[in-house]
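I have placed the structure first, in the form of structure tokens, so that the comments after it can refer back to it.
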Amino acid sequence: MTREEKFMRAAIKEALKAKAKDEVPIGAVVVMKDKIIARGYNFTETSNTATRHAEVVAIEKACKKLKDWRLDGAEIFITLEPCAMCAGAIVNARIKKVYFGAYERKSGCAESKFPILTDSGLNHKTEFSGGIEEKICSEILSEYFRGKRRKSADLCTDK
Numbered sequence: 144m145t146r147e148e149k150f151m152r153a154a155i156k157e158a159l160k161a162k163a164k165d166e167v168p169i170g171a172v173v174v175m176k177d178k179i180i181a182r183g184y185n186f187t188e189t190s191n192t193a194t195r196h197a198e199v200v201a202i203e204k205a206c207k208k209l210k211d212w213r214l215d216g217a218e219i220f221i222t223l224e225p226c227a228m229c230a231g232a233i234v235n236a237r238i239k240k241v242y243f244g245a246y247e248r249k250s251g252c253a254e255s256k257f258p259i260l261t262d263s264g265l266n267h268k269t270e271f272s273g274g275i276e277e278k279i280c281s282e283i284l285s286e287y288f289r290g291k292r293r294k295s296a297d298l299c300t301d302k
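According to the numbering used here, the residues represented by the sequence shown are 144 to 302, in order.
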């Protein structure tokens with residue numbers, strides 16, 4: 144198992160925690176010097192807060208742990224390509240590199256839709272690499288949304 148796969152598997156464990164709470168199963172871990180310093184998973188529904196994405200949660204925990212908003216030298220492993228909000232938080236935190244699992248073709252902000260991580264107009268650029276454990280990450284999300292659609296269809300037929 145590669146280093147990238149190892150840390151992505153840790154992010155996948157976080158995603159499964161979100162799934163267990165009926166949240167969109169996305170997980171993230173922040174790594175410094177080959178050690179996980181913070182973990183996060185989505186809990187927007189539970190918290191009724193739009194900003195409780197896995198990346199933001201993990202970044203906030205890492206900043207608190209290091210007592211610094213700058214995460215110079217840190218890497219973040221995320222099960223899904225980050226959205227605009229999370230990509231902005233990653234750049235603002237000065238994270239060195241993003242590794243993500245599944246691509247988000249509709250709204251991904253590493254490369255799929257908007258290249259926020261590498262935008263030349265920003266103070267900081269963040270390297271990225273996608274497709275790490277992509278099949279597993281994609282399947283977890285697909286399975287979650289299939290279940291949601293099934294529940295929705297069942298509710299419609301119960302009337």
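Think of the CB as a built atom: it goes at the ideal place given N, C-alpha and C, for glycine as much as any other residue.
Query raised in the report: In three-state DSSP terms, what is Ile169?
Result: coil
Report task. Note down, in chain order, each residue of its chain lying with its Cβ closer than 7 Å to the Cβ of Ala193, except the 5 sequence neighbours on either side. Result -> Thr187
Report task. Check whether the segment 145-162 touches the segment 175-183, counting contact only when three or more Cβ pairs, one atom from each stretch, lie closer than 8 Å. Result -> yes
**Report entry** Rounded separation between Gly273 and Ala163 - CA only
**Finding:** 25 Å
Query raised in the report: Pairing CB atoms from the segment 202-213 with CB atoms from the segment 242-258, are three or more of them under 8 Å?
Result: no
Query raised in the report: Where does Gly251 fall in DSSP's three states?
Result: coil
Query raised in the report: Which one or two residues does DSSP pair with Glu270 in a beta bridge?
Result: Lys240
Query raised in the report: Which first and last residues belong to the alpha helix (DSSP H) in which Leu159 is found?
Result: Arg146 to Ala163
Requested in this report: Return no unless some Cβ of chain D is closer than 8 Å to the Cβ of Lys164.
Outcome: The question asks about chain D, but that chain is absent: this structure has only one protein chain.
Query raised in the report: Taking Gly251 as the reference, which of Ala197, Leu265, Cys226 and Thr261 has the closest Cα?
Result: Cys226
**Report entry** From Ala154, Thr145, Val200 and Val167, residue whose alpha carbon lies closest to that of Glu286
**Finding:** Val167
Query - Lys198 to Ser255 span [Cα, whole Å] - result: Strictly speaking, residue 198 in this sequence is Glu, with Lys absent from that position. So the alpha carbons of these two residues sit roughly 18 Å apart.
Query raised in the report: At which residues does the alpha helix (DSSP H) containing Ala205 begin and terminate?
Result: Ala197 to Leu209
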